[in-house]
Amino acid sequence: MNIMPEESLFHEVVGLLPQHSSEDGVLFPVVLCPNPKIGKEVQLTDAIKANKEWLDSLLYRSGAILFRGFPVFSASDFNDVVESSGYENFPYDIGGAGSRTNVVGRVYTANEAPPDQEIPFHHEMSHAPVYPSKLFFFCEVEPGSGGETCIALSHVIYERMKQKHPKFVEDMEEKGLIYTRIIGDESDPSSPVGRSWKLTFNTDDKTVAEERATKLGMKLEWVEGGVRVIIGPKPGSRYDETRKRKIWFNKVTGGMKDKLNQDLSKAVMFSDGKPVPADVANDSSKIFDEECIALQWRKGDVLLLDNLVVMHSRRPLTALPRRVLASFCK
Ligand code: FE2
């Protein structure tokens, strides 16, 4: 439990869903509901504005806050919630791999990957030189079954992988990792990462695409039907300056197959071209499974993540519909 400001509009709930507890007793995720003692309907926007500093420090210590039970019904309500946080918008225009559509204001659909596909654990836009620091998600339509968003503490994954595969972690930090994938001339809606290069770089002009790619730290090699995008070498971990700890910052767990990317053995490699050993990838998946919290969405849920602390993934959906919206902050 965390000390609440007096007469807060929030009420912290414990045990509503699985939670991890850190050494100093902070829960992951924190779950906040409207304070029933207030006696009238609590707007999430008002509650956020009234407790901004407290929420900031809570997010800093926990990494994830789930707001449940507030009257947030539509994309536009969600946009108001994001605005009430005062965090600056991080526009999702150039460089992202997933297909997203702008819904309203600074709200986008979450990755429109085909429902039967799993989206592996990642820090949002970790491939880019600049990435969002905070992420908001909102459940507009709760999934029938499956489709959980899983969250895991990145520094815990790092520590456990370092214990299990010290040599790999050392190599990954020294040599760095290279990521390669082909993106098409046209978007492929059946692929979770099927955004065409034209959409990815927001141009039809190959030279402009190359210039924009360079700015994003990507190299392009034109191939039939699309372009091979090469990112890296990048260190597989980062140092979180403010919390003084290392975090897992890579996609060793695996790439995503689609029409243009059938052979995933080259999706992640060491800078010298050596592949990531299969047992390392398998063990990282296992550790994620053990450490993650799977959030079962309820309609109206708003989830706030610190993108440097938390990695997220999406489990496949077994029953449609599901509509989760997202908004990123600088
Ligand atoms: Fe994501």
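Here this note's numbering is used: the first residue of the sequence shown is 1, the next is one more, and so on. For every residue, glycine included, the Cβ atom is placed at its ideal position computed from N, Cα and C.
Please list the terminal residues of the continuous beta strand (DSSP E) segment that includes residue i.
{"i": "Y158", "result": "Premise fails: Y158 lies in the alpha helix (DSSP H), S154 to K164, not in any beta strand (DSSP E)."}
{"i": "D185", "result": "That residue, D185, is in no beta strand (DSSP E); it is neither H nor E in DSSP."}
{"i": "V42", "result": "Note, V42: premise wrong, no beta strand (DSSP E); not H, not E."}
{"i": "E210", "result": "Here E210 belongs to no beta strand (DSSP E); instead the alpha helix (DSSP H) covers K206 to K215."}
{"i": "L9", "result": "Where L9 is concerned, there is no enclosing beta strand (DSSP E), given that its DSSP letter is neither H nor E."}
{"i": "T200", "result": "Looking at the DSSP string, T200 is not in any beta strand (DSSP E); the run it does join, the alpha helix (DSSP H), is W197 to T200."}
{"i": "D240", "result": "S237 to D240"}
{"i": "H312", "result": "V310 to R314"}
{"i": "K266", "result": "Careful: K266 lies outside any beta strand (DSSP E) and carries neither H nor E."}
{"i": "P233", "result": "G226 to K234"}
{"i": "S327", "result": "R323 to C329"}
{"i": "T318", "result": "L317 to A319"}
Does any heavy atom of ligand 3 sit closer than 8 Å to the C-beta of residue i?
{"i": "S187", "result": "No copy of ligand 3 appears in this structure; the ligands present are ligand 1."}
What's the call for residue i, buried or exposed, on a 16-neighbour Cβ count within 10 Å?
{"i": "K251", "result": "buried"}
{"i": "Y108", "result": "buried"}
{"i": "R314", "result": "buried"}
{"i": "Q117", "result": "buried"}
{"i": "N111", "result": "buried"}
{"i": "F328", "result": "buried"}
{"i": "A209", "result": "buried"}
{"i": "G15", "result": "exposed"}
{"i": "T200", "result": "buried"}
{"i": "F73", "result": "exposed"}
{"i": "S191", "result": "buried"}
{"i": "Y60", "result": "exposed"}
Which same chain residues, not among the five before or five after residue i, have their C-beta less than 6 Å away from its C-beta?
{"i": "K49", "result": "S84"}
{"i": "R228", "result": "I182 and E221"}
{"i": "F138", "result": "F78, V302 and L325"}
{"i": "K198", "result": "D204"}
{"i": "I230", "result": "T180 and K219"}
{"i": "H165", "result": "V280"}
Is the beta carbon of residue i less than 9 Å from the beta carbon of residue j?
{"i": "N35", "j": "H11", "result": "yes"}
{"i": "F28", "j": "L135", "result": "no"}
{"i": "S133", "j": "N307", "result": "yes"}
{"i": "V82", "j": "G63", "result": "no"}
{"i": "P316", "j": "P115", "result": "yes"}
{"i": "L177", "j": "G226", "result": "no"}
{"i": "P189", "j": "L320", "result": "no"}
{"i": "W248", "j": "T149", "result": "no"}
{"i": "V42", "j": "A75", "result": "no"}
{"i": "H155", "j": "R68", "result": "no"}
{"i": "P71", "j": "L44", "result": "yes"}
{"i": "I293", "j": "L17", "result": "yes"}
Check for me: the alpha helix (DSSP H) holding residue i runs from which residue to which?
{"i": "E83", "result": "A75 to S84"}
{"i": "A281", "result": "A278 to E291"}
{"i": "S337", "result": "There is no way to answer for residue 337, as the model of the chain reaches only from 1 to 330."}
{"i": "W297", "result": "Counting along the chain, W297 falls outside any alpha helix (DSSP H), and DSSP gives it neither H nor E."}
{"i": "L58", "result": "K52 to S62"}
In chain order, what residues of the same chain lie with their CB nearer than 7 Å to the CB of residue i, ignoring the 5 residues before and after it?
{"i": "G86", "result": "K52"}
{"i": "S284", "result": "M161, V252 and T253"}
{"i": "R245", "result": "H155"}
Quick one: what's got a C-beta closer than 8 Å to residue i's C-beta in the same chain, skipping five residues either side?
{"i": "K257", "result": "L264"}
{"i": "E124", "result": "Y131, P132, L135, N307, H312 and F328"}
Using a C-beta cutoff of 9 Å, does residue i count as contacting chain B?
{"i": "I119", "result": "Absent from the structure: chain B. Only one protein chain is present."}
Original post:
Does the region 153-173 touch the region 230-241, meaning 3 or more C-beta pairs lie closer than 8 Å?
Top reply: yes
Subject >> Segment contact flag, the region 263-283 with the region 202-218, C-beta cutoff 8 Å, min 3 pairs >> reply: The region 263-283 makes no contact with the region 202-218, as fewer than three CB pairs between them are under 8 Å.
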